[in-house]
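Q: Got a structure for you, written out below as structure tokens; questions coming shortly.
4 protein chains.
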Amino acid sequence: MQRAGVAKGTVYHHFESKEELFLVLLQTGTEYLVSEAQEELLYHSEAAERLQVVIERYIRFLGKYKEFFKVLLTEIWWVDDRWKEQVQNLRQEMLKPLITVIGEAQERGIIRKDVAPENLAPALFGLITHETLHWTLFKDAFPYADILRTVKVIFFEGTLARKN
Amino acid sequence: MQRAGVAKGTVYHHFESKEELFLVLLQTGTEYLVSEAQEELLYHSEAAERLQVVIERYIRFLGKYKEFFKVLLTEIWWVDDRWKEQVQNLRQEMLKPLITVIGEAQERGIIRKDVAPENLAPALFGLITHETLHWTLFKDAFPYADILRTVKVIFFEGTLARKN
Amino acid sequence: MQRAGVAKGTVYHHFESKEELFLVLLQTGTEYLVSEAQEELLYHSEAAERLQVVIERYIRFLGKYKEFFKVLLTEIWWVDDRWKEQVQNLRQEMLKPLITVIGEAQERGIIRKDVAPENLAPALFGLITHETLHWTLFKDAFPYADILRTVKVIFFEGTLARKN
Amino acid sequence: MQRAGVAKGTVYHHFESKEELFLVLLQTGTEYLVSEAQEELLYHSEAAERLQVVIERYIRFLGKYKEFFKVLLTEIWWVDDRWKEQVQNLRQEMLKPLITVIGEAQERGIIRKDVAPENLAPALFGLITHETLHWTLFKDAFPYADILRTVKVIFFEGTLARKN
DNA sequence: GATGAATGAGTTTTCATTCAT
DNA sequence: AATGAATGAAAACTCATTCAT
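Chains as they are written, first to last, in the working numbering: chain W, 119 to 282; chain B, 119 to 282; chain E, 119 to 282; chain R, 119 to 282.
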């Protein structure tokens, strides 16, 4: 709050309550994340590539906007139904770019089709989210590049050993 | 607090502070999760199976002990260094059974060896955690069985389309 | 607290804790006591008189600001070293005007020189403090004027019978 | 409480309440102080000497039984009238030996008669109390012997400079 | 609009007392 | 009688919100 250089009282000129502030933070952050992903997609046309760059963007975004990341994992647990629904909607919003590019990749025959994009996307998002969280907690233990690699390896290739 | 049927004062007879209470909840929960996983392992000897049952256990556990799950994702963000370190240690503790079974599976040639168990485990845990979280939030939208399947499919097989 | 006409929360807007509040009360009271004594001294130049008016001031002050008096005798016993030292410093501060006027009186040959002002002052303060305390407790038993007289008689003349 | 080697619960077998515990502590301490003073008097018959040894005893006693000393200065401020009166009575009790020996010394012509023993005693007690308190606080700054000397000098001789 | 002191409802913590063992 | 876990009323403290400037 003070980090933004505004006084406590000022916040209440812009937001009805603390909850609303968080929600707007979540909204703005989500919009920003989604638009960043979409911007990236302007420069990439191949489905496989598009999927990759979106994943990278998501990881970078969560690693960068820590406060947003925190609110994302924390405010979900609110009990107040009024807000809960909105938080859930935002979550869905956040998954859209992932759903889109996964869908595209399926159409192109790159990604398996036996799991719906709506199911793959949250899993991928979970992978991204938790890898980033783990990296945030244990920054010193392993390089940033590792998390990107691990996410890609698992999501695309899985972990079963291949014959050749 | 009152849900446990004890008076407010009683809690402070056992715990120094609210923070300590949370930490102990986290500790106990972790121990419980780990020991449940280990118990399961007593009945399964094949590496592939062992990995599967542990994943199932983790998902069921987080879906069941919601309060533990919440504290797990929420209390990580504490700034107080005194607690932060302990929370991180518990996280590591929680990963151990996963690391073990992944390691075993690698030795048996079931799982690819080019990513260390220490890197695979948190990714798998992230997958589990977020799938469970997603399911907790959108219970009505899809069946419980789906989350188990999605986790397994992605973690083991990945999502790239196969030739045959 | 409520006597000052402020809400509970307001107090914590100004003071970190209850202990800090007490300390500031002690500080402010001490400053006030010392400055009252010094103001009095502006109007008196003769050493003997100066000593007398300071004594009177101290007695009146402690009789008047009962809360300060109470905190003075009560909060000394804190164990917490952080505060203990500060309380001791304030005590020393409180003695300064007494030490000054005793020193002056010694220089003028009015007061015996074989006991240092630093030793006489706390004894005089003890006399003042306890007489005032006794009077506070047994208000009805004897007139206020008595305590001033007793302090002066003992401190100046002592109690040994004189020849003539 | 634990210092006495008894559990919290046990205390309530012996005392009705915490306040009663303090009162009994005060009572017992007072009795002990008074009886110690009286015992001392058995061995001294000269009035001047008797006064001196009683003073010495009081100082030693308060320096030794710190907890008693603390309760003495602290519990006076209770508002509850029921206890207040009893505390005041104990205070009077405590003064009795001093009143007695001061009275004797007056009869023998050793001590001035123009102030009643009832007024001199609390002043002397204040001198003793505060010198001991000061010594307790600033132990390191001056030797124990000083406080006895200062009390005697002031109480007996006063501080005015003498002609010869 | 901006500010931060003031507020008080709510939360956390303490502590004198009780009570089952 | 002795114990210490349990209690809950009260004290200490926090924090989202208000409001006068």
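Glycine is no exception: its CB is placed at the ideal position from the N, C-alpha and C atoms.
Count the other CB atoms within 10 Å of the CB of Val-233 (chain W); is the residue buried (16 or more) or exposed (fewer)?
A: buried
Q: Counting C-beta neighbours from all protein chains within 10 Å, is the total for Thr-277 (chain B) 16 or more, i.e. buried, or is it exposed?
A: Buried: at least 16 other Cβ atoms inside 10 Å.
Q: Using the C-alpha atoms, what's the distance from Phe-256 (chain R) back to Ala-279 (chain E)?
A: 33 Å
Q: Does the Cβ of Val-124 (chain R) have 16 or more other Cβ atoms within 10 Å, making it buried, or fewer, making it exposed?
A: exposed
Q: Within 10 angstroms of its Cβ, does Gly-227 (chain R) collect 16 or more other Cβ (buried), or is it exposed?
A: Flag for Gly-227 (chain R) reads exposed.
Q: Look at the alpha carbon of Leu-151 (chain B) and the alpha carbon of Glu-211 (chain B), and state the distance between them as a whole number of angstroms.
A: If you draw a straight line from the Cα of Leu-151 (chain B) to the Cα of Glu-211 (chain B), it is about 10 Å long.
Q: Which of helix, strand or coil does DSSP assign to Ile-272 (chain E)?
A: For Ile-272 (chain E), the three-state secondary structure derived from DSSP is helix.
Q: Ignore the nearest five residues each way along the sequence and tell me which others in Gln-145 (chain B)'s own chain have a CB closer than 7 Å to its CB.
A: Leu-208
Q: From the beta carbon of Gln-145 (chain E), is the nearest beta carbon of chain R less than 8 Å away?
A: no
Q: Mark Thr-128 (chain B) as exposed unless 16 or more other C-beta atoms lie within 10 angstroms of its C-beta, in which case mark it buried.
A: exposed
Q: Could you check where the alpha helix (DSSP H) with Phe-133 (chain R) kicks off and where it finishes?
A: Note, Phe-133 (chain R): premise wrong, no alpha helix (DSSP H); not H, not E.
Q: Over what stretch of residues does the alpha helix (DSSP H) that includes Pro-215 (chain W) continue unbroken?
A: 199 to 225
Q: Have a look at Leu-180 (chain B) and Val-205 (chain B) and give me their C-alpha separation to the nearest angstrom.
A: 17 Å
Q: Using only the alpha-carbon positions, how far apart do Ile-177 (chain E) and Gly-147 (chain E) sit?
A: Between Ile-177 (chain E) and Gly-147 (chain E), the C-alpha separation is close to 14 Å.
Q: Residues of chain E with CB under 8 Å from Pro-215 (chain R), in chain order?
A: Residues of chain E passing the Cβ test: none, with the nearest at roughly 16 Å.
Q: Measuring alpha carbon to alpha carbon, tell me which residue in E:Ala-239, E:Glu-203, E:Arg-168 is nearest Lys-214 (chain E).
A: E:Ala-239
Q: Pull out every residue of the segment 192 to 215 of chain R whose Cβ sits closer than 8 Å to any Cβ of chain E, in chain order.
A: If the cut-off is 8 Å between Cβ atoms, the segment 192 to 215 of chain R has Thr-192, Ile-194, Trp-195, Gln-206, Arg-209 near chain E.
Q: Consult DSSP for Ile-194 (chain B) and reduce its assignment to one of helix, strand or coil.
A: helix
Q: So, using beta-carbon positions, are Val-219 (chain R) and Leu-169 (chain R) closer together than 8 Å?
A: yes
Q: So with Cβ pairs under 8 Å, would you call Ile-272 (chain B) a contact of chain W?
A: Yes, Ile-272 (chain B) counts as interfacial toward chain W.
Q: Roughly how many angstroms lie between the CA atoms of Leu-266 (chain B) and Gly-221 (chain W), to the nearest whole one?
A: 21 Å
Q: Provide the residue span of the alpha helix (DSSP H) that contains His-252 (chain E), from first to last.
A: Taken as a continuous stretch (DSSP letters only), the alpha helix (DSSP H) holding His-252 (chain E) covers 235 to 255.
Q: What is the rounded straight-line gap between the Cα of Trp-253 (chain B) and the Cα of Lys-126 (chain B)?
A: 33 Å
Q: Return yes when the Cβ of Val-271 (chain E) is within less than 8 Å of the Cβ of Leu-245 (chain E), no when it is not.
A: no
Q: May I ask which residues mark the beginning and end of the alpha helix (DSSP H) holding Arg-175 (chain E)?
A: 165 to 182
Q: On the three-state DSSP scale, how would you describe Ile-265 (chain W)?
A: helix
Q: List the DSSP bridge partners of Ile-229 (chain B).
A: W:Leu-278
Q: Whole angstroms are fine: how far does the CA of Leu-141 (chain B) sit from the CA of Glu-185 (chain R)?
A: Distance between the alpha carbons of Glu-185 (chain R) and Leu-141 (chain B) is about 38 Å.
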